[in-house]
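Read in UniProt numbering, the sequence shown has 48 at position 48, and its numbers run on one by one without any break.
In this text, a Cβ means the ideal position worked out from N, Cα and C, and glycines have one as well.
Just so you know, these numbers come straight off a predicted model, no measurement behind them.
Reviewing the structure listed below.
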Amino acid sequence: MKVTQAELVISAVSAKQYPQEALPEIALAGRSNVGKSSFINKLINRKNLARTSSKPGKTQTLNFYRINKQFFFVDLPGYGYAKVSKTERERWGRFIEEYLTTREQLQLICHLVDIRHQPTKDDQTMADWLNHMDLPRLVVATKADKIPKGKIHQHLKIIKETLQLDKDVPLIAFSAETGQGKDEVWQALNPYILP
Ligand code: GTP
Ligand code: MG
1 MKVTQAELVI
11 SAVSAKQYPQ
21 EALPEIALAG
31 RSNVGKSSFI
41 NKLINRKNLA
51 RTSSKPGKTQ
61 TLNFYRINKQ
71 FFFVDLPGYG
81 YAKVSKTERE
91 RWGRFIEEYL
101 TTREQLQLIC
111 HLVDIRHQPT
121 KDDQTMADWL
131 NHMDLPRLVV
141 ATKADKIPKG
151 KIHQHLKIIK
161 ETLQLDKDVP
171 LIAFSAETGQ
181 GKDEVWQALN
191 PYILP
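Structure follows, in structure tokens:
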């Protein structure tokens, strides 16, 4: 897809603030610092539209990015960030869950995990939850530039096994540094956003 227009429409802190438009939405879920905001930027060729940070916990709201007036990327707050209080984490958890379970426009969830490590407990909890949800899903293994090319297959296998992914869940190695996997990701997204 050729992206000609991309804008942050709202950083929502409550469901009342979600955009009114009936455009399809693709949500990005994943651990804090896994590369959700970088993923959006790479896909749409913008350096820093979605704010990224080397410090985890940068994205703390539901950020709706409207792309080509055609669909939204919804950047969710990262989970598993230890430095916020338990109350705060629970509040985010409920907020994210509310969005994922009630939002009619939601078409696809991109679950991002770090390709370098075995998925964390939080990743597994998220995957279990998604395994039980009846929503199309894509798993993206980020930071693929950080491991040798020859190891990618082996790391994907560990992710697939740990998250107990069904055969029909696409799993794509991706790098926001090099653009690896970008075309494959777009191909996976296209059926959900084309009018
Ligand atoms: P939160 O907003 O805190 O939930 O984080 P996030 O998931 O949005 O992560 P973000 O995109 O801000 O990236 C976190 C850090 O990882 C930044 O320093 C990025 O530059 C780096 N990063 C993200 N993707 C990649 C990648 O594919 N390769 C490499 N080498 N670094 C990456
Ligand atoms: Mg972010």
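Residue i: CB within 8 Å of a non-hydrogen atom of ligand 2
i: residue 128; result: no
i: residue 51; result: yes
i: residue 78; result: yes
Alpha-carbon to alpha-carbon, residue j and residue i
i: residue 34; j: residue 163; result: 16 Å
i: residue 5; j: residue 190; result: 17 Å
i: residue 158; j: residue 193; result: 30 Å
i: residue 134; j: residue 140; result: 19 Å
i: residue 69; j: residue 129; result: 31 Å
i: residue 151; j: residue 115; result: 10 Å
i: residue 121; j: residue 50; result: 26 Å
i: residue 55; j: residue 105; result: 31 Å
i: residue 80; j: residue 86; result: 11 Å
i: residue 20; j: residue 10; result: 11 Å
i: residue 17; j: residue 47; result: 26 Å
i: residue 202; j: residue 118; result: Here the chain covers residues 1 to 195 and nothing more, so residue 202 does not appear.
i: residue 103; j: residue 165; result: 24 Å
i: residue 160; j: residue 123; result: 12 Å
Exposure of residue i, with buried meaning 16 or more beta-carbon neighbours within 10 Å
i: residue 126; result: buried
i: residue 132; result: exposed
i: residue 66; result: buried
i: residue 52; result: buried
i: residue 196; result: Past the boundaries of the shown model lies residue 196; the chain is included only from 1 to 195, so the question cannot be answered.
i: residue 187; result: exposed
i: residue 195; result: exposed
i: residue 3; result: exposed
Cβ-heavy atom distance, residue i to ligand 1, below 8 Å
i: residue 36; result: yes
i: residue 75; result: yes
i: residue 45; result: no
i: residue 31; result: yes
i: residue 145; result: yes
i: residue 177; result: yes
i: residue 142; result: yes
i: residue 55; result: yes
i: residue 64; result: no
Whole-Å CB distance - residue i paired with residue j, under 8 Å assumed
i: residue 71; j: residue 24; result: 5 Å
i: residue 78; j: residue 31; result: 6 Å
i: residue 29; j: residue 156; result: Rounded, the Cβ-Cβ distance is 18 Å, inconsistent with contact.
i: residue 100; j: residue 63; result: The pair is not a contact, with the Cβ atoms about 15 Å apart (cut-off 8 Å).
i: residue 109; j: residue 27; result: 5 Å
**Message:** Within 8 Å, do at least three Cβ pairs link the segment 177 to 190 to the segment 84 to 97?
**Reply:** no
Kindly confirm or deny that the segment 152 to 169 and the segment 28 to 43 touch, where touching means at least three C-beta pairs closer than 8 Å.
no
- Query: So, do the segment 142 to 151 and the segment 182 to 189 have three or more beta carbon pairs nearer to each other than 8 Å?
  - Reply: no
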